[in-house]
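Asker:
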Amino acid sequence: MSGYFGSEFEGGKFIFYSTSHNLALLILLVFFVSIYLLRQKLKNAPVDKIVRYTLAATLILQELALNVWRLANGTWSVANSLPLHLCGVAIVLSAVMLINRNYSLYELNYFWGLGGAIQALLTPDIGIYSFPHFRFFQFFLSHGLIIAASLYLTFTAGFRPRHKSIWKVFAITNIYLVFIAGFNWLTGANYLFICHKPVDGSLMDMMGPWPWYILTLEFVAVISFYIYYAPFGISDMIKRRREKAKQI
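Count along the sequence shown starting at 1, add 14, and that's the number in our numbering.
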């Protein structure tokens with residue numbers, strides 16, 4: 015069993031869109047769709063509280079498990095183990111958001127979670143740890159739950175982003191980026207991948223060399239924010255047109 019939990023793994027390097035990768039994505043998609051289909055039952059107060067607290071607890075426990083794994087294998091360090099990537103921050107914020115049903119945290123998690131976690135799921139940065147290693151399960155569980163947390167409050171609590179949420183989150187993201195740049199400089203870390211691109215490849219490989227890909231990421235962030243806002247923006251536009259039609 016140590017081979018599935020140790021730092022060394024002989025099961026083969028993770029391969030994008032392999033059978034295990036596609037199956038993990040399919041399972042998560044079914045999970046997300048299930049939240050939507052069961053949204054009315056999940057609105058029941060006792061059920062809602064149980065689900066929210068279970069999701070929050072699982073988010074924190076899996077993050078603790080990851081740090082225990084790194085400590086046990088001697089790979090934990092300030093430079094690579096703190097939850098300072100957007101997805102790492104989103105894990106902590108998602109847990110608090112689910113417990114408190116906090117809308118301000120929802121705004122951040124909706125854009126950070128969907129933007130960061132979806133990209134991470136499509137191009138996982140987990141090196142040699144393919145199925146069935148612990149890191150494989152932990153990675154897909156953590157990023158899947160980040161998305162599920164925002165979708166859960168969207169479908170059951172009626173939370174939704176506003177147009178002003180886009181620029182509010184964009185501003186907070188850039189303030190956070192400045193903080194992380196300083197932290198990276200002090201510790202030699204690469205949080206937010208602003209010092210260099212992920213070693214095993216990602217969408218950043220198509221965005222030019224350092225530091226220009228960071229500017230490209232800024233542009234991509236705004237585009238992705240608008241894409242994730244689009245369903246609500248289109249719905250608002252349709253409602254406005256219907257209201258105008260009734261007044262004629």
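By construction, the Cβ of each residue, glycine as well, lies at the ideal position given by its N, Cα and C atoms. Being a predicted model, the structure only gives us computed values, none of them experimental.
1) Assuming Arg255 is part of the alpha helix (DSSP H), what are its boundary residues?
2) May I have a chain-ordered list of the alpha helix (DSSP H) segments no shorter than 4 residues that lie completely inside the region 102–150?
3) Taking the continuous alpha helix (DSSP H) assigned at Val192, which residues delimit it?
4) What number of angstroms, rounded off, separates the C-alpha of Leu159 from the C-alpha of Ile113?
5) Between the alpha carbons of Phe151 and Phe145, how many angstroms are there, rounded?
6) Determine whether the beta carbon atoms of Leu119 and Leu107 lie at a separation below 7 angstroms.
7) Check each candidate in Cys209, Met218, Phe169, Leu231 and name the one with the smallest Cα separation from Phe246.
8) Using CA coordinates, which residue listed in Gly20, Arg256, His35, Leu167 is at the minimum distance from Val110?
9) Compare the beta carbon distance of Val183 and Glu232 with 7 angstroms and say whether it is the shorter of the two.
10) Which residues in the same chain have their Cβ closer than 8 angstroms to the Cβ of Trp90, if we skip the five residues on either side of it in sequence?
11) Among Asp62, Asn204, Thr187, which has the Cα closest to the Cα of Asn123?
12) Give, in chain order, every unbroken run of the alpha helix (DSSP H) that is at least 4 residues long and sits entirely within the region 45–95.
13) In the structure shown, what three-state DSSP assignment does His210 receive?
14) Could you check the C-alpha separation between Ile64 and Leu78 for me, to the nearest Å?
15) At the level of alpha carbons, what is the spacing between Trp199 and Val213?
16) Cβ of Phe23 within 7 angstroms of Cβ of Phe148?
Answerer: Put simply:
1) The residue labelled residue 255 in the question sits at position 241 within the sequence shown. Where Arg255 is concerned, the enclosing alpha helix (DSSP H) stretches over 226–261.
2) 117–126, 132–136
3) Taking the first residue of the sequence shown as position 1, residue 192 is located at position 178. It spans 177–201 - the alpha helix (DSSP H) in which Val192 sits, taken as one unbroken run.
4) As a working mapping, residue 159 is identified with position 145 in the sequence shown. As a working mapping, residue 113 is identified with position 99 in the sequence shown. C-alpha separation (whole angstroms): 14 angstroms.
5) On the sequence shown, position 137 is the one that residue 151 refers to. On the sequence shown, position 131 is the one that residue 145 refers to. Between Phe151 and Phe145, the C-alpha separation is close to 8 angstroms.
6) To locate residue 119, count along the sequence shown from 1; it is residue 105. To locate residue 107, count along the sequence shown from 1; it is residue 93. In contact: Leu119 and Leu107 (Cβ atoms closer than 7 angstroms).
7) Reading the sequence shown from its first residue, position 232 is the one you call residue 246. Closest by alpha carbon: Phe169.
8) Locating residue 110 in the sequence shown gives position 96, counting from the first residue. When only C-alpha atoms are compared, the closest one is Leu167.
9) Walking along the sequence shown from the start, residue 183 turns up at place 169. Walking along the sequence shown from the start, residue 232 turns up at place 218. Taking 7 angstroms as the Cβ cut-off, Val183 and Glu232 do not qualify as a contacting pair.
10) Position 76 of the sequence shown holds residue 90. Non-local C-beta neighbours of Trp90 in its own chain, meaning closer than 8 angstroms and more than five positions away in sequence, comprise Asn81, Arg84, ordered along the chain.
11) Residue numbering aside, residue 123 sits at position 109 when the sequence shown is read from its first letter. Between Asn123 and the set Asp62, Asn204, Thr187, the nearest pair of CA atoms involves Thr187.
12) 53–56, 59–86
13) If you number the sequence shown from 1, residue 210 lands on position 196. Here His210 sits in coil by DSSP.
14) Stepping through the sequence shown from its first residue, residue 64 is reached at position 50. Stepping through the sequence shown from its first residue, residue 78 is reached at position 64. Cα-Cα distance, rounded: 21 angstroms.
15) The sequence position of residue 199 within the sequence shown is 185, counting from 1. The sequence position of residue 213 within the sequence shown is 199, counting from 1. C-alpha separation (whole angstroms): 19 angstroms.
16) The residue you call residue 23 lines up with position 9 of the sequence shown. The residue you call residue 148 lines up with position 134 of the sequence shown. Their beta carbons are not under 7 angstroms apart, which means Phe23 does not touch Phe148 by this criterion.
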